[in-house]
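Visitor:
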Amino acid sequence: MFKLNRDILYLVFEELQNDNKTLYSCLLVNKTWCEIIVPILWKNPWKCQKEELLLNVIMLHLSDESRNNLRNNDFNFLTNSYQKYQKPFFDYISFCRHLHLNAIKRMINNNNNNYENSKKSMVIQYEIFNLFINKNTKFTHLYIPKQFDCLIHLIPGADQCFSELEYLFCQTSINENILIGLTDICRSIKAVKLFVDNNYIIKVLSFFVNIKSLELLNYRMTSDHIENLPLPSLQVLKAKGIPINVLERLIENTSGLLTEIRIDGISHNEINNKRIIQAIYQYCPNLKYLKIVFRYSNILELKNLLINCNFLCGLFILINNMEDVFDIDYLFEILAKSSPINLFKFKFKFRYRPVKLESLKSFFDNWKGRHPMYLHFIKKLENNIDDLIDLIEEYKTIGIIKKFNNGLDCKDFEWI
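The sequence shown begins at 3 in our numbering and counts up by one.
1) Sorted by chain position, which residues of the same chain lie with C-beta nearer than 6 Å to K276's C-beta, five sequence neighbours on each side aside?
2) Which same chain residues, not among the five before or five after I135, have their C-beta less than 7 Å away from its C-beta?
3) At 3 residues or longer, and completely inside the segment 265-310: list those beta strand (DSSP E) runs for me, N to C.
4) Suppose the cutoff is 8 Å on Cβ atoms and the five residues either side in sequence are ignored; what does the same chain contact list for H63 look like?
5) In whole angstroms, what is the alpha-carbon distance linking E16 and M124?
6) Considering just the uninterrupted stretch of the beta strand (DSSP E) at G426, what are its terminal residues?
7) Would you list the residues sitting across from H155 in a DSSP beta bridge?
8) Leaving aside the five residues before and after G267 along the sequence, list all residues of the same chain whose C-beta is less than 7 Å from its C-beta, in chain order.
9) Taking 8 Å as the threshold (C-beta atoms), are I60 and I130 in contact?
10) What residues in its chain sit with their C-beta under 7 Å from that of F352, if we drop five residues either side in the sequence?
11) When the Cα atoms are used, what is the spatial distance from E54 to N112?
12) With C-beta atoms as the reference, is K290 less than 8 Å away from C315?
13) Does DSSP put L11 in a helix, a strand or coil?
14) Checking the sheet assignment: what are the DSSP bridge partners for I321?
15) What distance in whole Å lies between the Cβ atoms of L144 and L170, which are believed to be in contact at a cut-off of 8 Å?
16) Do S341 and L307 have their C-beta atoms within less than 8 Å of each other?
17) Around the Cβ of Y332, are there at least 16 other Cβ atoms within 10 angstroms (buried) or fewer (exposed)?
18) Report the residue from N104, K137 and R108 whose alpha carbon sits nearest the alpha carbon of P147.
19) Closest to I343 by C-alpha separation, out of L317, F415, S364 and K363, would be which residue?
20) Are V432 and P232 touching if we call contact CB-CB under 8 Å?
21) Near E118, which residues of its chain fall below 6 Å by C-beta distance, leaving aside the five closest residues on each side in sequence?
22) Look at L393 and K363 and say whether their C-beta atoms are less than 8 Å apart.
23) Give the single residue among T185, G183 and C172 whose Cα lies nearest to the Cα of F197.
24) Residues in the same chain with beta-carbon distance under 7 Å from K370, minus the five sequence neighbours each way, listed in chain order, please.
25) What does DSSP give as the partner residues of Y169 in its beta bridges?
What follows is the structure, encoded as structure tokens:
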């Protein structure tokens with residue numbers, strides 16, 4: 003009987019890492035499968051486990067000294083879990099690669115609301131933080147909640163534990179000493195995600211100027227605060243609810259390495275829209291993927307972007323303003339005639355604009371001789387569905403369209 007070796011099984015199960023239902027069913031096949039799957043499931047246990055069960059498993063890892071410390075502080079509701087469960091077969095915590103500090107706080111508080119924001123809550127948190135942060139665990143992702151002030155970088159073993167950290171998510175008002183401490187021991191951070199307001203971004207980014215990926219959410223500040231904040235290694239910029247003047251200055255402070263820009267959740271007047279498009283084609287010669295709101299008055303700036311960003315291969319255009327006088331035919335003509343050779347993946351979200359079959363037909367005719375197109379409309383086209391299907395199939399047959407999606411949402415730069 004043919005038997006797969008462990009390395010092959012690991013590769014197979016790694017492909018299924020986002021399919022927990024399948025992985026759980028495979029756990030019971032035999033001991034070998036179980037030993038391979040458990041570490042995969044526990045890389046990021048916070049995303050799918052039931053929190054009460056997860057907390058019980060975590061508590062089972064505590065040392066006798068830690069359990070006695072909790073009992074002495076009247077935490078019987080937690081230490082009683084040892085009377086219900088046997089010692090775990092695996093050192094599950096050693097498999098963790100994501101440390102979600104907010105999830106830990108939430109689990110503790112949800113188990114007993116009387117401990118929320120109290121000294122007792124801090125005692126439990128500290129015991130669990132010490133359980134996760136040690137020289138035998140290597141985290142790649144760290145999530146820090148708002149108003150966090152536990153100096154985790156001073157916990158014994160933190161320098162080894164965070165030495166391979168690649169991703170940092172943090173919110174408002176984190177103790178600055180934590181960031182300084184992480185900077186000293188985390189030399190490999192590549193991506194930072196900030197959910198912040200006011201001028202907190204300056205403190206955080208000043209510690210991580212060499213990051214390659216930056217995501218900003220719901221942020222309020224002026225561009226003056228970031229004038230002298232260089233981001234020389236930045237390759238990916240994702241922004242939601244960020245003022246255009248801030249984004250413009252951030253882009254100007256990069257060194258031309260940006261390959262992906264996503265701009266969401268902020269209204270653009272015509273002037274701001276023009277400025278951000280100009281900043282992109284002036285400072286992002288290596289851009290490959292772009293998601294942006296577009297105002298029709300800046301159609302010539304869009305043409306300049308297509309001409310100057312020669313490596314562009316995926317474009318997601320949002321058209322949200324119902325007041326714009328909009329000629330969709332001319333937009334499609336610009337895209338067909340001015341797109342760089344690598345650009346053939348398009349995604350559109352026309353919130354208020356109907357797209358006629360005649361406009362699509364003209365777009366497809368002008369696209370002849372180019373790479374077959376991947377075309378995706380987020381808002382379903384309001385056409386006779388049979389006529390639309392016939393048109394798409396016609397142009398698929400002659401090699402103008404490779405893939406077409408009408409109304410199905412998916413990831414920004416994913417074309418199904």
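Ideal Cβ placement from N, Cα and C applies to all residues, glycine included. Since this is a predicted model, take the numbers as computed values, not measurements.
Guide: In short:
1) N300 and E303
2) I154, I157, G159, A160 and C163
3) List check, beta strand (DSSP E) in window: 291-295.
4) P90, D93, Y94, I95 and L133
5) 36 Å
6) Outside the displayed span of the chain (3 to 418) sits residue 426, for which this structure offers no information.
7) BP columns for H155 are empty, so no partner.
8) Hits under 7 Å: K242 and G243.
9) yes
10) Taken in chain order, the residues that qualify are I321 and K381.
11) 9 Å
12) In this structure, C315 lies closer than 8 Å to K290 by Cβ.
13) helix
14) Listed as beta-bridge partners of I321 by DSSP are F352.
15) 5 Å
16) Result no, Cβ atoms of S341 and L307 do not sit closer than 8 Å.
17) exposed
18) N104
19) L317
20) As shown, the chain starts at 3 and ends at 418. That puts residue 432 outside it, with no answer to give.
21) Residue confidence for E118 is low, a pLDDT of 47 falling below 50, so the modelled location carries little weight and cannot support an answer.
22) Using a Cβ distance threshold of 8 Å, L393 and K363 count as a contacting pair.
23) C172
24) Only I402 meet the Cβ criterion.
25) H143 and A193
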